[in-house]
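Protein sequences, first through last, are from chains A and B. All you need for the working numbering is the position in the first sequence, starting with 1, plus 1015. All you need for the working numbering is the position in the second sequence, starting with 1, plus 1015. Beta carbons are placed, not taken as given, at the ideal position from N, Cα and C, and that holds for glycine.
Number of protein chains: 2
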Amino acid sequence: MDPAVSDATVGRLPAYLRAAIELGTKGETSVSSERLAEVASVHPASLRRDLANLDIAGTRGVGYDVKYLVSQISLVLGLNHEWPVVIVGAGNLGKALANYPGFAERGFPIAALIDVSAELIRTRIGGVEVQPPEALADLVEERDIVVGIVTTPPEVAQEAVDLLVAHGIRSILNFTALVPEVPPDITCRSVDIATELQILSFHSQRGRAASSGTGVPLGLRADE
Amino acid sequence: MDPAVSDATVGRLPAYLRAAIELGTKGETSVSSERLAEVASVHPASLRRDLANLDIAGTRGVGYDVKYLVSQISLVLGLNHEWPVVIVGAGNLGKALANYPGFAERGFPIAALIDVSAELIRTRIGGVEVQPPEALADLVEERDIVVGIVTTPPEVAQEAVDLLVAHGIRSILNFTALVPEVPPDITCRSVDIATELQILSFHSQRGRAASSGTGVPLGLRADE
DNA sequence: CAGTGTGAATTTCTTCACAGCG
DNA sequence: CGCTGTGAAGAAATTCACACTG
């Protein structure tokens, strides 16, 4: 199929998907690259090239079929089935994420919440029971969990990551200030809010503006 | 000074800072680009070029002075003073952020929490009283707030952003699925967790791995 | 003829490789 | 001698511009 899709392209796909869904709910059935690019805040030529790279074709003189866009981009992203998620760390952030219904709606149901605190274990947060690390093996097996989110204190983040990796989790989203070591075959993305604030701080002190958070240019972020 | 610092460079600075601080607390006083680059997970040549672009000099044959690195990078990022932050939206995520002590420690004290809910107003979260939108004008003035974080439901995110902009906030960190419109002189970075999960999903279904979150290309993704 | 798909130009970012300094 | 600083090469990403097609 597509021998390789660049990270830059992958990073834009969620924006295209969102834009297409938005236009779809507005009743539009067809859209030009120019319009879609505007909604997704990218350059029209980038959009056309990205879609062409993915063999997602439009119609010359007309544009792209919105429903087709949604289904094809979803397919490329692997959103044609659910990805149950395990959250490690039932502190403030972990709880907040577990309580947010949006993930399940978007295909990422919270399947498990792991924490070491005896006080938290067996309590329910957002409809999910908090369980000890020992429960992870069964959970992963039963629910077929492949994606993990780490929201522990930074001091134990590496431990949490190792735990997930040991149980076969292949993709990790890390909200810790610490950037963990992971085996090369594991995908780990780190989102550090302090890093974001520091970048904002940079822009605040200069006049000008810039953009993007969840980009692919991503670059590493983290800070402590 | 520096006529222009590229976004790619700015995106890496927090990682350099973090790495330098880490080495500093370990007692190291000098560091080579190779070592620092390893800790920061970047290529040594990128690191050297980034620092040189910022007129942050090392010593040939020796390396960079760790304390000097910390102070200069902090200076470039504008971290030589505090940046009080206002959070709009005291829901799960807003509360979680307000309760996290790490922001104040890193120079971003939570100065205010804004919400429209009558039940929440006047309650205290993480040492900060929740206040109605009307209170924003005074707060911004008194506390000299320049940075805002939006953690409202997506439906009212644009409203929240407009409110912040109307009160002179110049930099916004948006955790909403909706990418808001902002005037061109305002910096807005969006972190959408569902977008992150979608990118992870992509990598999960292919064998391969990739990295990082809050990048500029990076990372985080979302944009405007 | 409107708008995609794409070679080619351009810009940006990364990496090499080494001259030169402390 | 070791490591920075950087010119030059290379790679990647973006954008232009237009041939081509539905």
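Inset, instruction - Kindly indicate if chain B contains any beta-carbon less than 9 Å away from that of A:S1056. - result: For the purposes of this step, residue 1056 of chain A is taken as residue 41 along the first sequence, with counting starting at 1. Yes, because at least one Cβ of chain B sits closer than 9 Å to the Cβ of A:S1056.
Inset, instruction - Select from B:D1200, B:F1217, B:V1194 and B:L1215 the residue whose C-alpha is nearest the C-alpha of A:A1030. - result: Here the question's residue 1030 of chain A lines up with position 15 in the first sequence. Cα-wise, what sits closest to A:A1030 is B:V1194.
Legend entry - Coarse secondary structure for A:T1210, derived from DSSP in three states: If you number the first sequence from 1, residue 1210 of chain A lands on position 195. The answer is helix: DSSP assigns A:T1210 an H, G or I state.
Legend entry - Distance between B:I1102 and B:V1131 (C-alpha atoms, nearest Å): Here the question's residue 1131 of chain B lines up with position 116 in the second sequence. Here the question's residue 1102 of chain B lines up with position 87 in the second sequence. Going from the Cα of B:V1131 to the Cα of B:I1102 covers about 12 Å.
Inset, instruction - Specify whether the region 1086-1100 of chain B and the region 1045-1059 of chain B touch according to this definition: at least 3 beta carbon pairs, one from each stretch, less than 8 Å apart. - result: Judged by Cβ distances under 8 Å, the region 1086-1100 of chain B makes no contact with the region 1045-1059 of chain B, as fewer than three pairs qualify.
Legend entry - Residues that A:R1185 contacts on chain B, provided the C-beta gap is smaller than 7 Å: Locating residue 1185 of chain A in the first sequence gives position 170, counting from the first residue. Near A:R1185 (Cβ distances below 7 Å), the residues of chain B are S1219.
Inset, instruction - Please list the residues of the region 1139-1168 of chain A that have a C-beta atom closer than 8 Å to any C-beta atom in chain B, keeping them in chain order. - result: Residues of the region 1139-1168 of chain A with a C-beta atom less than 8 Å from some C-beta of chain B are V1161 and V1162, listed in chain order.
Legend entry - A:G1163 versus A:V1057: straight-line alpha-carbon distance, rounded: Taking the first residue of the first sequence as 1, we reach residue 1163 of chain A at position 148. Taking the first residue of the first sequence as 1, we reach residue 1057 of chain A at position 42. Cα-Cα distance, rounded: 30 Å.
Inset, instruction - May I ask you to verify whether the region 1105-1113 of chain A touches the region 1154-1168 of chain A, counting CB pairs closer than 8 Å and requiring at least 3? - result: They touch, by the three-pair rule.
Inset, instruction - Would you be able to state if there are at least three C-beta pairs under 8 Å between the region 1202-1211 of chain B and the region 1075-1085 of chain A? - result: Result no; under three Cβ-Cβ pairs closer than 8 Å.
Legend entry - Closer than 9 Å to chain B by CB, A:T1202: Numbered from 1 along the first sequence, position 187 holds the residue referred to as residue 1202 of chain A. At least one CB of chain B lies nearer than 9 Å to the CB of A:T1202.
Inset, instruction - Step through the CB atoms of chain A and report whether any lies within less than 9 Å of the CB of B:D1207. - result: In the second sequence, residue 1207 of chain B corresponds to position 192, counting from 1. Closer than 9 Å: yes.
Inset, instruction - With DSSP collapsed to three states, give me the class of A:S1048. - result: Stepping through the first sequence from its first residue, residue 1048 of chain A is reached at position 33. The answer is helix: DSSP assigns A:S1048 an H, G or I state.
Legend entry - Where A:D1022 falls, given that 16 or more other Cβ within 10 Å makes a residue buried: Translated into the one-based positions of the first sequence, residue 1022 of chain A becomes position 7. If you draw a 10 Å sphere on the C-beta of A:D1022, you find 16 or more other C-beta atoms in it, and that means buried.
Inset, instruction - Excluding the 5 residues preceding and the 5 following B:A1119 in the sequence, name in chain order all residues of the same chain whose CB lies nearer than 8 Å to its CB. - result: Position 104 of the second sequence, counted from the first residue, corresponds to residue 1119 of chain B. Short of 8 Å from the beta carbon of B:A1119, and not among the five residues preceding or following it, lie these beta carbons of its own chain, in chain order: I1125.
Inset, instruction - Please check the pair A:V1145 and A:I1136, which I expect to be a contact at CB under 8 Å, by giving their CB distance rounded to whole angstroms. - result: Here residue 1145 of chain A corresponds to residue number 130 of the first sequence, with the count starting at 1. Here residue 1136 of chain A corresponds to residue number 121 of the first sequence, with the count starting at 1. Contact between A:V1145 and A:I1136 holds: CB atoms are separated by about 5 Å, below the 8 Å threshold.
Legend entry - Continuous alpha helix (DSSP H) assignments of at least 4 residues falling wholly in the region 1098-1143 of chain A: Considered as a whole, the region 1098-1143 of chain A harbours 1107-1114 and 1117-1120 as its complete alpha helix (DSSP H) runs of no fewer than 4 residues, in chain order.
Legend entry - 9 Å Cβ cutoff, A:R1064 in contact with chain B: Residue 1064 of chain A sits at position 49 when you count from the first residue of the first sequence. Contacts with chain B at 9 Å (Cβ-Cβ) do not include A:R1064.
Legend entry - CA-to-CA distance, B:V1161 to A:S1219, given in whole angstroms: What you label residue 1219 of chain A is simply residue 204 of the first sequence in a count that begins at 1. What you label residue 1161 of chain B is simply residue 146 of the second sequence in a count that begins at 1. Between the alpha carbons of A:S1219 and B:V1161 lies a gap of roughly 7 Å.
Inset, instruction - Measure from the C-beta of B:A1181 to each C-beta in chain A and report whether the shortest distance is under 9 Å. - result: Locating residue 1181 of chain B in the second sequence gives position 166, where the first residue counts as 1. No, B:A1181 does not count as interfacial toward chain A.
Inset, instruction - Identify which residue in A:E1157, A:T1191, A:E1043 and A:V1020 has its Cα closest to the Cα of A:H1182. - result: Locating residue 1182 of chain A in the first sequence gives position 167, counting from the first residue. Nearest neighbour of A:H1182 by Cα position, chosen from A:E1157, A:T1191, A:E1043 and A:V1020, turns out to be A:E1157.
Inset, instruction - Output yes if chain B places a C-beta closer than 9 Å to the C-beta of A:L1108; else output no. - result: Mapped onto the first sequence, residue 1108 of chain A falls at position 93. Yes, A:L1108 lies at the interface with chain B (some Cβ there is under 9 Å from its Cβ).
Inset, instruction - Please classify A:D1070: is it buried, with 16 or more other beta-carbons within 10 angstroms of its beta-carbon, or exposed? - result: Numbered from its first residue, the first sequence carries residue 1070 of chain A at position 55. Exposed, because fewer than 16 other Cβ atoms sit within 10 Å of the Cβ of A:D1070.
Legend entry - Cutoff 9 Å: B:S1132 Cβ touching any chain A Cβ: Taking the first residue of the second sequence as position 1, residue 1132 of chain B is located at position 117. Output row for B:S1132: interface = no.
Inset, instruction - Could you check which residue in A:L1066, A:L1154, A:V1155 and A:V1176 has the C-alpha nearest to that of A:P1198? - result: Residue 1198 of chain A sits at position 183 when you count from the first residue of the first sequence. Closest in alpha carbon position to A:P1198, among A:L1066, A:L1154, A:V1155 and A:V1176, is A:V1176.
Inset, instruction - Would you please verify whether the beta carbon of A:R1033 is less than 9 Å from any beta carbon of chain B? - result: Residue 1033 of chain A sits at position 18 when you count from the first residue of the first sequence. Interface residue, yes.
Inset, instruction - Tell me, please, whether the CB atom of A:Q1173 is closer than 9 Å to any CB atom in chain B? - result: Along the first sequence, one-based indexing puts residue 1173 of chain A at 158. A:Q1173 does not count as touching chain B.
Inset, instruction - Can you grab the Cα-Cα spacing for the pair A:G1117 / A:I1088, in whole Å? - result: Locating residue 1117 of chain A in the first sequence gives position 102, counting from the first residue. Locating residue 1088 of chain A in the first sequence gives position 73, counting from the first residue. If I take the Cα positions, the gap works out to 19 Å.
Legend entry - Top-ranked residue by Cα proximity to A:D1065, from A:V1091, A:T1040 and A:K1041: Working through the first sequence from its first residue, we reach residue 1065 of chain A at position 50. Put simply, of A:V1091, A:T1040 and A:K1041 the residue whose alpha carbon is nearest the alpha carbon of A:D1065 is A:V1091.
Legend entry - C-alpha distance - A:P1059 paired with B:G1078, whole-angstrom precision: Residue 1059 of chain A sits at position 44 when you count from the first residue of the first sequence. Residue 1078 of chain B sits at position 63 when you count from the first residue of the second sequence. Going from the Cα of A:P1059 to the Cα of B:G1078 covers about 45 Å.
Inset, instruction - Look at the alpha carbon of A:E1174 and the alpha carbon of A:F1190, and state the distance between them as a whole number of angstroms. - result: Walking along the first sequence from the start, residue 1174 of chain A turns up at place 159. Walking along the first sequence from the start, residue 1190 of chain A turns up at place 175. In this structure, the straight-line span from the alpha carbon of A:E1174 to that of A:F1190 is close to 14 Å.
Inset, instruction - Could you pull the start and end residues of the alpha helix (DSSP H) that B:V1176 belongs to? - result: Your numbering for residue 1176 of chain B matches position 161 in the second sequence. Per DSSP, B:V1176 belongs to the alpha helix (DSSP H) from A1172 to A1181.
Inset, instruction - Determine, using beta carbons only, whether A:G1093 comes closer than 9 Å to chain B. - result: Taking the first residue of the first sequence as position 1, residue 1093 of chain A is located at position 78. True, the Cβ-Cβ gap to chain B drops below 9 Å.
Legend entry - Straight-line gap, A:F1217 to A:T1074 (C-alpha atoms, nearest Å): Working through the first sequence from its first residue, we reach residue 1217 of chain A at position 202. Working through the first sequence from its first residue, we reach residue 1074 of chain A at position 59. A:F1217 and A:T1074: Cα-Cα distance of roughly 43 Å.
Legend entry - Helix, strand or coil at A:V1081 [DSSP, three-state]: For the purposes of this step, residue 1081 of chain A is identified with residue 66 of the first sequence, where counting begins at 1. If DSSP states are grouped into helix, strand and coil, A:V1081 belongs with the helices.
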